[in-house]
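Participant:
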Amino acid sequence: MPEWTKEGTTVLDGTTLKALQIAMHDFMPPGTVPPKDADAMSICLHKWETFDAWVRRGDGMTFINFTPKESERCGLSTFVMDPGAAYAVSDDGVILRRD
Numbered sequence: 064m065p066e067w068t069k070e071g072t073t074v075l076d077g078t079t080l081k082a083l084q085i086a087m088h089d090f091m092p093p094g095t096v097p098p099k100d101a102d103a104m105s106i107c108l109h110k111w112e113t114f115d116a117w118v119r120r121g122d123g124m125t126f127i128n129f130t131p132k133e134s135e136r137c138g139l140s141t142f143v144m145d146p147g148a149a150y151a152v153s154d155d156g157v158i159l160r161r162d
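Those letters in the sequence shown? Residues 64 to 162, per the numbering used here, in order.
1) For Ala-148, which of helix, strand or coil comes out of DSSP?
2) What is the rounded straight-line gap between the Cα of Asn-128 and the Cα of Asp-100?
3) From the DSSP output, which residues share a beta bridge with Gln-127?
4) Under a Cβ-count criterion, where at least 16 other Cβ atoms within 10 Å of its own Cβ denotes burial, should Leu-108 be classed as buried or exposed?
5) Under the rule that 16 or more other beta-carbon atoms within 10 Å means buried, what is Pro-131, buried or exposed?
6) Tell me which residue opens and which closes the beta strand (DSSP E) that Leu-159 is part of.
7) Sort Ile-85, Trp-111, Pro-93 by Cα distance to Ala-151 and report the nearest one.
8) Measuring straight from C-alpha to C-alpha, what distance separates Asp-115 and Met-87?
9) Quick one: Cα of Cys-137 to Cα of Met-104, how far?
10) Give the range of the alpha helix (DSSP H) segment to which Glu-133 is assigned.
In C-alpha cells form, the structure reads like this:
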C-alpha cells in the first residue's frame with residue numbers, strides 16, 4: 064500500500080461519496096446485467112469500467128456526470144446517442160435532477 068497523502072490522491076468527502084453512490088445506484092442499479100441476447104455495445108455499456116465519473120461540489124449539492132468511453136475501453140466504434148447521464152444530488156441524498 065502507498066503512503067496516503069493528499070498529493071497524487073483524489074479525496075472525496077463523505078457527502079460527495081454519498082452523492083456518488085446514490086447516482087451510481089440510480090444510473091446502474093446493483094445486479095443490473097445486459098439481456099442474454101445483448102449486442103457488444105449493450106454489454107459494454109453495462110460495465111462500470113466503461114465509464115468515467117466527473118464529480119463537482121456545488122452549493123448544497125454534488126454534480127455527477129457519467130461519461131462512457133466505449134471506443135477506448137471496449138474497442139467499439141459505433142456511435143451511441145447520450146449513453147451517459149448527469150445528476151444533481153442534494154446533500155440530503157435527494158436526486159434533484161437527472162439528465
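C-beta: ideal position from N, C-alpha, C; glycine also.
Source: prediction; values computed, not measured.
Facilitator: Well, looking at it:
1) Working through the sequence shown from its first residue, we reach residue 148 at position 85. Of the three classes helix, strand and coil, the one that applies to Ala-148 here is strand, per DSSP.
2) As a first step, residue 128 is located in the sequence shown; it is residue number 65 there, counting from the start. As a first step, residue 100 is located in the sequence shown; it is residue number 37 there, counting from the start. One C-alpha to the other measures close to 28 Å.
3) Position 64 of the sequence shown holds residue 127. According to the sequence provided, residue 127 is Ile. The question's Gln does not apply to it. Ile-127 pairs with Val-118, Tyr-150.
4) For this step, residue 108 is matched to residue 45 along the sequence shown. When all chains shown are included, Leu-108 counts as buried.
5) Here the question's residue 131 lines up with position 68 in the sequence shown. Pro-131 is buried by the Cβ-count criterion.
6) Counting from one through the sequence shown, the residue named residue 159 turns up at place 96. Where Leu-159 is concerned, the enclosing beta strand (DSSP E) stretches over 158–161.
7) Locating residue 151 in the sequence shown gives position 88, counting from the first residue. Here the closest residue by C-alpha is Ile-85.
8) Against the sequence shown, residue 115 aligns to sequence position 52. Against the sequence shown, residue 87 aligns to sequence position 24. When rounded, the distance between both Cα atoms is 12 Å.
9) Taking the first residue of the sequence shown as 1, we reach residue 137 at position 74. Taking the first residue of the sequence shown as 1, we reach residue 104 at position 41. Cα-Cα distance, rounded: 8 Å.
10) Working through the sequence shown from its first residue, we reach residue 133 at position 70. For Glu-133, the enclosing alpha helix (DSSP H) has its first and last residue at 133–137.
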